[in-house]
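The structure appears right after this line, and notes come after that.
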């Protein structure tokens, strides 16, 4: 695309440029090039010209063309052509953490969540330790794997978190990620 | 609050989100039908063009990249190319059918006695070369800025100004005799 020497040869915001703009865009400043508009309007006010009136006449005639409406039927056809979704749109549900954060806004939500979980797990642990201890590992009485449908976004994956004590028994859990998408928690019950 | 930026909306359209599709239809369908009608002089074909334009929007949304071009300008460019194809086919049909030529003695002034102003102006517009007609329609009736209109036609702003100037000059020539009457009736 080569430049036409007839255009933009005039200095910016000159009377000559105003004449070019009137010939191309008409007399309505809203249609003039945005970057030149303010200066050209100032020049136009200083130099009223027959060409301005002439351009305005043609604008008036062009404005006589009626608006084109669209039918509801066409709108329906266009919408009906939308292909069915092929991409899953994630539906964001509030996580347990967010729910807890609403209830427990004065400190991090993992604390009440951990407290809640520990109550449950301690109950399980007490049930486990009351059974005969495993014989093949002297340091660990019992390892229990439980599946958790993980709704929180706790950020202590791969850490070992001490969640509670009961007399001389330490309860810890390791959190790992199962490729199947299920968070696994190994619940270890051992002697301190 | 829904993010209605065009980039986000295009992502949602690509995912088949009907609400996002509806926003684009509300924003642009009327404009595209109007553009096609003015370029083709035929509302029915313009509606077909608009349908095809939106079908391409739905199917290309996943691959759309802004690259500084707004969705509206991109849709106008698709519609413009479809209209040019349609006009080309129409010309081929007309050549095959050898239609009656318009009476050269029948001026715009004569038409004024039989038809209203808008029809006369539309007829005058129809006599412009396609690209001049497209340039005037984009800048006057579609209210696109000069940069966007140039993008639709895939030309420089300087070339757009040249088309506009020649188009207006030609319109004035066509309407020269009837202009005072037209202005009296508008």
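Chains as they are written, first to last, in the working numbering: chain A, 1 to 192; chain B, 1001 to 1186. All C-beta atoms, glycine included, are put in the ideal place defined by N, C-alpha and C.
*Do three or more CB pairs link the segment 1077-1097 of chain B to the segment 1115-1122 of chain B at distances below 8 Å?*
Taking 8 Å as the limit for Cβ pairs, the verdict is that the segment 1115-1122 of chain B does not touch the segment 1077-1097 of chain B.
*Got a sec: is the Cβ-Cβ distance from residue 1043/B to anything in chain A below 8 Å?*
Against the second chain, residue 1043/B aligns to sequence position 43. Taking Cβ atoms only, chain A reaches closer than 8 Å to residue 1043/B, which makes this a yes.
*asked:* I'd like to know whether the C-beta of residue 1067/B is nearer than 8 Å to at least one C-beta of chain A.
replied: Your numbering for residue 1067/B matches position 67 in the second chain. Output row for residue 1067/B: interface = no.
*Examine the Cβ distances between the segment 1063-1073 of chain B and the segment 1145-1155 of chain B and report whether three or more of them are shorter than 8 Å.*
yes
*Show which residues of chain A have a CB atom less than 8 Å away from the CB atom of residue 1126/B.*
Looking up residue 1126/B in the second chain gives position 126. Correct list: empty, because the minimum Cβ distance to chain A is about 11 Å.
*Got a sec? Which residues, its chain only, sit under 7 Å from residue 1049/B by beta carbon, not counting five neighbours each side?*
Residue 1049/B sits at position 49 when you count from the first residue of the second chain. Excluding sequence neighbours, residue 1049/B sits near 1036, 1079, 1082, 1083, 1086.
*Between residue 56/A and residue 1027/B, what straight-line distance do the alpha-carbon atoms span, to the nearest angstrom?*
Numbered from 1 along the first chain, position 56 holds the residue referred to as residue 56/A. Numbered from 1 along the second chain, position 27 holds the residue referred to as residue 1027/B. Distance between the alpha carbons of residue 56/A and residue 1027/B is about 29 Å.
*Rounded distance between the beta-carbons of residue 78/A and residue 1025/B, thought under 8 Å*: Numbered from 1 along the second chain, position 25 holds the residue referred to as residue 1025/B. Numbered from 1 along the first chain, position 78 holds the residue referred to as residue 78/A. So it is a contact: roughly 6 Å between Cβ atoms.
*asked:* Let me confirm a value: residue 25/A is counted as buried when at least 16 other C-beta atoms fall within 10 Å, else exposed. Which label applies?
replied: Taking the first chain and counting its residues from 1, the one referred to as residue 25/A is at position 25. By the beta-carbon neighbour count (other beta carbons within 10 angstroms, threshold 16), residue 25/A is buried.
*Where residue 1157/B and residue 61/A are concerned, what is the direct C-alpha to C-alpha distance, given to the nearest angstrom?*
Taking the first residue of the second chain as 1, we reach residue 1157/B at position 157. Taking the first residue of the first chain as 1, we reach residue 61/A at position 61. Their Cα atoms are separated by approximately 24 Å.
_C-beta neighbour in chain B for residue 53/A, strict 8 Å_ = Within the first chain, the letter at position 53 stands for residue 53/A. No, residue 53/A does not count as interfacial toward chain B.
_Rounded C-alpha distance that separates residue 1141/B from residue 1038/B_ = Indexing the second chain from 1 puts residue 1141/B at position 141. Indexing the second chain from 1 puts residue 1038/B at position 38. Roughly 9 Å separates the two Cα atoms.
*Roughly how many whole angstroms lie between the Cα atoms of residue 47/A and residue 15/A?*
Locating residue 47/A in the first chain gives position 47, where the first residue counts as 1. Locating residue 15/A in the first chain gives position 15, where the first residue counts as 1. Going by the C-alpha atoms only, they are around 8 Å apart.
*Per-residue burial, residue 1076/B [other beta carbons within 10 Å of its own, 16 or more giving buried]*: Within the second chain, residue 1076/B is the residue found at index 76, counting from 1. That one is buried.
*Step through the CB atoms of chain B and report whether any lies within less than 8 Å of the CB of residue 171/A.*
As a working mapping, residue 171/A is identified with position 171 in the first chain. Note that residue 171/A has pLDDT 46, beneath the 50 cutoff, so the model's placement of it is unreliable and no number is given.
*Is residue 14/A helix, strand or coil when you go by DSSP?*
On the first chain, residue 14/A is found 14 positions in, with the first residue counted as 1. Reduced to three states, the DSSP call for residue 14/A is coil.
*Among 53/A, 82/A, 45/A, 71/A, which residue has its Cα nearest to the Cα of residue 1053/B?*
Counted from its first residue, the second chain places residue 1053/B at position 53. That would be 82/A, whose Cα lies nearest to the Cα of residue 1053/B.
*What do you get for residue 1168/B, buried or exposed, if any count of 16 or more other CB atoms within 10 angstroms of its CB means buried?*
Start at 1 with the first residue of the second chain, and residue 1168/B comes out as number 168. Buried: at least 16 other Cβ atoms inside 10 Å.
*Starting from the Cα of residue 1119/B, find the closest Cα among 66/A, 51/A, 75/A, 44/A and give me that residue.*
Position 119 of the second chain, counted from the first residue, corresponds to residue 1119/B. Residue 1119/B has its Cα closest to that of 66/A, out of 66/A, 51/A, 75/A, 44/A.
_Contact residues within the segment 1143-1157 of chain B, judged by C-beta distance below 9 Å to chain A_ = Close to chain A, meaning a Cβ-Cβ distance shorter than 9 Å, are the following residues of the segment 1143-1157 of chain B: 1143, 1145, 1146, 1147, 1154, 1155, 1156, 1157.
*asked:* Tell me which residue opens and which closes the alpha helix (DSSP H) that residue 1026/B is part of.
replied: Within the second chain, numbered from 1, the residue matching residue 1026/B stands at position 26. Run containing residue 1026/B: 1018-1040, per the alpha helix (DSSP H) assignment.
*Does DSSP put residue 1189/B in a helix, in a strand, or in coil?*
Absent from the structure is residue 1189/B, since the part of chain B shown begins at 1001 and ends at 1186.
*Rounded to whole angstroms, what's the CA-CA distance from residue 1134/B to residue 1017/B? Just pull it up for me.*
Numbered from its first residue, the second chain carries residue 1134/B at position 134. Numbered from its first residue, the second chain carries residue 1017/B at position 17. Going by the C-alpha atoms only, they are around 32 Å apart.
*asked:* Cβ closer than 7 Å: which chain B residues qualify as neighbours of residue 25/A?
replied: One-based indexing of the first chain puts residue 25/A at position 25. Residues of chain B passing the Cβ test: 1139, 1164.
*Name the two residues that bound the continuous alpha helix (DSSP H) containing residue 1068/B.*
Taking the first residue of the second chain as 1, we reach residue 1068/B at position 68. In the DSSP assignment, residue 1068/B falls outside any alpha helix (DSSP H) and carries neither an H nor an E.
_Whole-angstrom distance between residue 70/A and residue 1104/B, CA atom to CA atom_ = Taking the first residue of the second chain as position 1, residue 1104/B is located at position 104. Taking the first residue of the first chain as position 1, residue 70/A is located at position 70. Caution is warranted here: a pLDDT of 46 is assigned to residue 1104/B, below 50, making its placement in the model unreliable, and the coordinate value is therefore given only provisionally. When rounded, the distance between both Cα atoms is 34 Å.
_Residue span of the alpha helix (DSSP H) that contains residue 44/A, given as start and end_ = Start at 1 with the first residue of the first chain, and residue 44/A comes out as number 44. From DSSP, the alpha helix (DSSP H) with residue 44/A extends over 37-46.
_residue 78/A, DSSP secondary structure in three states_ = Within the first chain, residue 78/A is the residue found at index 78, counting from 1. In this structure, residue 78/A counts as helix in the three-state DSSP scheme.
*Look at the alpha carbon of residue 91/A and the alpha carbon of residue 1132/B, and state the distance between them as a whole number of angstroms.*
Locating residue 91/A in the first chain gives position 91, where the first residue counts as 1. Locating residue 1132/B in the second chain gives position 132, where the first residue counts as 1. The pLDDT assigned to residue 91/A is 41, lower than 50, so where the model puts this residue is not dependable, and the model offers no usable value.
*Going by Cα to Cα distance, which pick from 28/A, 35/A, 59/A is closest to residue 45/A?*
Taking the first residue of the first chain as 1, we reach residue 45/A at position 45. Cα-wise, what sits closest to residue 45/A is 28/A.
*Does any CB atom of chain B fall closer than 8 Å to the CB of residue 13/A?*
Counted from its first residue, the first chain places residue 13/A at position 13. Not closer than 8 Å to any Cβ of chain B, the Cβ of residue 13/A fails to qualify, so no.
*Would you verify that the beta carbon of residue 1073/B is, or is not, closer than 8 Å to some beta carbon of chain A?*
Taking the second chain and counting its residues from 1, the one referred to as residue 1073/B is at position 73. No, residue 1073/B does not count as interfacial toward chain A.
_Let me confirm a value: residue 30/A is counted as buried when at least 16 other C-beta atoms fall within 10 Å, else exposed. Which label applies?_
For the purposes of this step, residue 30/A is taken as the residue at position 30 of the first chain. Burial call: exposed.
*Euclidean distance between Cα positions of residue 1029/B and residue 1066/B*: In the second chain, the residue the question calls residue 1029/B occupies position 29. In the second chain, the residue the question calls residue 1066/B occupies position 66. Residue 1029/B and residue 1066/B: Cα-Cα distance of roughly 20 Å.
_8 Å contact criterion, which residue 195/A and residue 51/A should meet: CB distance rounded_ = Absent from the model: residue 195/A. The displayed extent of chain A is 1 to 192, so no value can be given.
*Note down, in chain order, all residues in the segment 1014-1039 of chain B with a beta-carbon under 8 Å from any beta-carbon belonging to chain A.*
1014, 1015, 1016, 1017, 1018, 1021, 1022, 1025, 1029, 1030, 1033, 1034, 1037, 1038
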